[in-house]
Amino acid sequence: MREILRTTDITDLSDRDIPPMFLEVVERGWSLTAAGGRVLTDLCPDAPGTYIGRLTEETTINGRGMTDYDLPAAPDERTPLLVRRCLAYVCACLRKAQEEFGDTQVKAYVSLSFADTEEALLTSNVTFCTPLPDVRPYIPDLEAVTDAAVAEIALEDCSTWS
């Protein structure tokens, strides 16, 4: 992931980089669940689910694959556009979380991997969660992940990109 971020122009991220459906999610903001989970309001299911813990609740509700059907297939064109989309969405959501909760505890996780299809196009997933002191991290050994490029992003990281 470091190499992808190093070689991709991620300066001046803005709402223009975010697909309309994801921009609506940002605009609707955040909510607290009955269990205290911090979730994106627009992604909450109509019927509340049962989760084994707050971390699972947050990552399940907040996790989505980033829209990429409209992106070119060529990796040198696709990768920078997909990364910009993910990071712009992440930064907008993290800013909204700070406004809603008054802190910067929510973290974002962006993963990039190749689809298990004949084309093997680069795809991405974004989720958010609040690390808890008594719960193991969402991705325990981030540096050891080998089947995807993964980054943990805090609001502080966004200040250098937008």
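Residue numbers (my numbering): 917 to 1078.
Idealized CB from N, CA, C, for every residue including glycine.
Asked, Found
"Alpha carbon of C960 to alpha carbon of E943, nearest angstrom", "14 Å"
"At least 3 beta-carbon pairs within less than 8 Å: the region 1045-1052 vs the region 992-1009", "no"
"Meets three-Cβ-pair contact criterion under 8 Å: the region 971-983 and the region 1036-1043", "yes"
"Beta carbon of M917 nearer than 9 Å to that of A1067", "yes"
"Opening and closing residue of the beta strand (DSSP E) in which Y1025 lies", "1023-1030"
"Local Cβ density within 10 Å of T1076, reported as buried at 16 or more and exposed below that", "exposed"
"Assumed close pair G945, E993 - CB separation to whole angstroms, cut-off 8 Å", "Not quite, the Cβ-Cβ distance comes to about 33 Å (not below 8 Å), so this is no contact."
"With 16 other Cβ atoms within 10 Å as the buried cut-off, status of T1039", "buried"
"Secondary structure of V941, DSSP reduced to three states", "helix"
"Exposed unless 16 or more other CB atoms sit within 10 angstroms - verdict on F938", "buried"
"Integer Cβ distance of V1022 from I1069, believed to fall under 8 Å", "Wrong, their Cβ atoms sit about 10 Å apart, outside the cutoff."
"First through last residue of the alpha helix (DSSP H) which encompasses V1066", "Note, V1066: premise wrong, no alpha helix (DSSP H); beta strand (DSSP E) at 1065-1069."
"CA nearest to the CA of S1027, picked from T1033, T1020, Y1054", "Y1054"
"Buried or exposed by the 16-neighbour rule on C-beta atoms within 10 Å, applied to E974", "buried"
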